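Comments concern the structure below.
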Amino acid sequence: MASKINLAIEAFKHKGFVKKLPTMWRMLKSIKNGFYKPEIKNLLIPGAILLYIISPLDFIPDFIPVLGQMDDLAMLALAIPLLIKETERFLAWETEKMSNKVIDAEIVS
């Protein structure tokens, strides 16, 4: 399990993934509150992959040197770009939402 954690840490450094975590957290809160509605597959696939990675069950068992970690790494290589793309979509949605806000104001002299 420790090798999986180290592998995940290394993979998460990919393409600034760690820097996008606060945005991903904001995205998840927005989804939970019903504001942002992504396509289900855009979160279901990366979520299933991440569950596979932390699961003790593997297609190739971890006790097989090198190959045991390669399937986890391959799965992370699939999940991270999908999460990053959805985060970019969320940022575009968030920017559009903010630009459509109208603030009523009264000029006081």
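Residue numbers (UniProt numbering): 1 to 109. Glycine is no exception: its CB is placed at the ideal position from the N, C-alpha and C atoms. Only a predicted model underlies this, so the values are computations on that prediction, with no experimental measurement involved.
In the structure shown, V108 falls within a coil segment according to DSSP collapsed to helix, strand and coil. Pairing L57 with A79 gives a Cβ-Cβ distance that is not under 9 Å. Here the alpha carbons of D72 and T87 stand approximately 22 Å from one another.
Taking C-beta atoms as the reference points, L83 and F17 count as a pair closer than 9 Å.
In its chain, beyond the 5 residues on either side, G68 have a beta carbon closer than 6 Å to the beta carbon of D62. Remark: C-beta atoms of I54 and L76 do not approach each other more closely than 9 Å.
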